[in-house]
Amino acid sequence: MTDFGIQEALEKLGVKELNEGSSTGSQWFSNGDIIESYSPVDGKLIGKVKTTTNKDYETVMTAATSAFKTWRTMPAPQRGEIVRQFGEKLRELKEPLGKLVSYEMGKSYQEGLGEVQEMIDICDFAVGLSRQLHGLTMHSERPGHRMYEQYHPLGVVGIISAFNFPVAVWAWNTALAWICGDVCVWKPSEKTPLCGVACQNIIAEVLKENDLPEGISCLIQGDYKVGEMMTTDKRVPLVSATGSTRMGKIVAKTVGERLGKSLLELGGNNAIIVTPDADIKMTVIGAVFGAVGTAGQRCTSTRRLIIHDSIYDKVKNALVAAYGQLRIGNPLDENNHVGPLIDTDAVDMYKAALDKVIAEGGNIVVEGGVLSGEGYESGCYVKPAIAEAGNYYEIVQHETFAPVLYLLKYTGDVENAIELQNGVAQGLSSAIMTNNLREAERFLSHAGSDCGIANVNIGTSGAEIGGAFGGEKETGGGRESGSDAWKVYMRRQTNTINYTTDLPLAQGIKFDL
Ligand code: NAD
């Protein structure tokens, strides 16, 4: 098999066979155990990374807290200029970085490039935003007084990210945090540590070229124990954590105990409602891409299809036909639609989910299974499966991070479908396929979808950076990326200025001395 230009990509990104895992910018060091990163694409060892010890972490935090004092005083548009240069470097390195994302995580090369494009887009967004960190002014009730509110930098922002978006989530957070005047410490997933090394190399070069101090962008590596160094650390006022709901509950509690802020982006259980007025062709494209894209490992992947009984068989048959066309294989080969799962643990979870849905009374419509033989040596390739199920099944209530799609039937009014769609613990992404304006508006109304994302005539999967991204309920309630998500990276202050020679008290209170 050709290596699809992986070695060349690693060289361009400065990723070595053995990498230090802790960095404050140009300086790299680490004294912890070694993580080996194997590609789910072909099972080969890509490289190794040393993890961060407590001592390494202290070195990182000393640099970060010191850099914050310089960085926060730099005018926001100048910080924006640094982010602009970072976006330019990403444009230059889009192909090698996209390739590494694909090879280390297993998503298609096109999706790898798409992830880097999201990084570039958020940089552009942040550059504009660096001149728009607006507060409000308000009229004081006291004569000769002026009131306004302003936003100040927060400090060290800790970023904990998941394996499935190994580079974009970091950029969503950092691009905003940096223009807001914060410095960042990032712990990537222990399943994609080399993506972390590559990204840190890219920003370190920009910071060095601009003569900026160490500590503005920091990297730490390891599993949850390294993540806990930040969640328990009072010097980290905001922890932005992306991953499973299980992780989010622990992080929220730990950060909450010290009254820090957490921004949580957790699991989804996303559904598309298909009404009698749906365009079936569009529905099938949206549902298939949503369910099998990234091998079902997006937080916004489509897990449930809620179909009206009058068109149920038509949609089911169209889906079965579409699944029959799917090509499963090396994600760097653009002819394939579906790549591997991240590792064999994920394969075991996929198999367990299929066993469970059968045990609970489900009916398999498209058979699953693990692929073996030439091209599938990593043991991580599985067949996308479809099962008819009940929304109340325990397995349907949970997020299975794999290409398993559940078909649910509804009868009567769209309200019944909305109730099923909302009848899970998670609240990330949702969609309705309909050409009926009343149904669409009911779905989007205050009595409609309870998710952070609600779409009409597009699927659940993916999002543009311009909108605030995140979900409700067990998805954690956080919002990052576009709109006014920047406000969470700043502290808010209300100011009152008296420009008279009197000191009138509020509410007309008299306090004569
Ligand atoms: P995970 O929860 O296993 O790990 C995520 C990160 O959290 C890793 O870096 C891990 O080391 C760290 N971590 C785990 N326990 C921790 C703890 N107690 N303290 C500190 N850090 C800890 O998730 P994963 O398997 O990497 O990713 C898949 C999950 O992420 C899915 O549930 C998916 O829906 C979710 N996800 C959500 C979004 C979103 O924006 N809502 C985006 C991407 C992924």
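Residue 329 in full-length UniProt numbering sits at position 329 of the sequence shown; the count goes up by one each step and never skips. Where is the CB? At the ideal position from N, CA and C, for every residue including glycine. Quick caveat: nothing in here was measured; it's all calculated off a predicted structure.
Proximity to His-152 across Leu-305, Gln-397, Trp-71 and Asp-313 peaks at Trp-71, based on C-alpha coordinates. With fewer than 16 other Cβ atoms inside 10 Å of its own Cβ, Glu-36 counts as exposed. Taking all protein chains shown into account, Ser-445 has fewer than 16 neighbouring C-beta atoms within 10 Å of its C-beta and is therefore exposed.
Around the beta carbon of Asn-330, 16 or more other beta carbons lie within 10 angstroms, which makes this residue buried. Under DSSP, the beta-bridge partners assigned to Gln-426 are Lys-473.
For Ala-198, the secondary structure class from DSSP, reduced to helix, strand or coil, is helix. Nearest in C-alpha terms to Asp-182, of all of Ile-159, Cys-299 and Glu-190, is Ile-159. The beta carbon of Asp-124 lies closer than 7 Å to those of Gly-87 in the same chain, with the five residues before and after it left out.
In the DSSP assignment, Ile-220 falls outside any alpha helix (DSSP H), carrying neither H nor E.
Not one heavy atom of the ligand NAD lies closer than 8 Å to the C-beta of Phe-4. For Tyr-406, the enclosing beta strand (DSSP E) has its first and last residue at 404 to 410. Looking at the DSSP output, Tyr-38 shares a beta bridge with Leu-45. Within a 10 Å sphere around the beta-carbon of Ala-425 sit fewer than 16 other beta-carbons, which makes this residue exposed. Closest option to Ile-82, judged by alpha-carbon separation, among Phe-4, Pro-213, Thr-51 and Gln-117: Pro-213.
Per DSSP, reduced to three states, the secondary structure at Arg-258 is coil, with no helix or strand assignment. In this structure, the ligand NAD has a non-hydrogen atom nearer than 8 Å to the beta-carbon of Thr-245. His-134 sits exposed, since fewer than 16 C-beta atoms from the chains shown fall within 10 Å of its C-beta. Taking the Cβ of Glu-265 as the reference point, at least one heavy atom of the ligand NAD falls within a distance shorter than 8 Å.
Remark: C-beta atoms of Ala-241 and Leu-263 approach each other more closely than 9 Å. Taking a C-beta distance under 9 Å as the contact criterion, Glu-265 and Glu-480 qualify as a contact pair. In its chain, beyond the 5 residues on either side, Gly-482 have a beta carbon closer than 6 Å to the beta carbon of Gly-466. In this structure, Thr-300 keeps its C-beta atom at 9 Å or more from the C-beta atom of Ser-189. In this structure Tyr-406 is in contact with Ala-387, their Cβ atoms being roughly 6 Å apart against a cut-off of 8 Å.
Judged by DSSP in its simplified three-state form, Ser-23 adopts strand. Taking 9 Å as the cut-off, the Cβ atoms of Gly-267 and Thr-475 count as close. Within the same chain, Cβ atoms closer than 6 Å to the Cβ of Met-147 are found at Met-138, Ser-140 and Thr-496, the five residues on either side in sequence being excluded. Annotation for Glu-228 indicates a beta carbon within 8 Å of some heavy atom of the ligand NAD. His-337 and Tyr-57 have their alpha carbons spaced roughly 41 Å apart.
In terms of side-chain proximity, the C-beta atom of Cys-299 is found nearer than 8 Å to a non-hydrogen atom of the ligand NAD.
The count of Cβ pairs closer than 8 Å, one atom from the segment 450 to 460 and one from the segment 277 to 287, reaches three, so the stretches are in contact. Shown here, Ala-468 sits in a strand according to DSSP, grouped into three states. Around the C-beta of Ser-372, fewer than 16 other C-beta atoms lie within 10 Å, and the residue is accordingly described as exposed. Put simply, of Leu-437, Leu-513, Gln-421 and Cys-199 the residue whose alpha carbon is nearest the alpha carbon of Arg-91 is Cys-199.
Contiguous alpha helix (DSSP H) elements confined to the segment 241 to 302 occur at 245 to 257 and 280 to 292, taking only those with 4 or more residues.
In the DSSP assignment, Gly-128 falls within the unbroken alpha helix (DSSP H) covering 109 to 129. At a threshold of 8 Å, Val-169 counts as near the ligand NAD, since its beta carbon sits closer than that to one of the ligand's heavy atoms.
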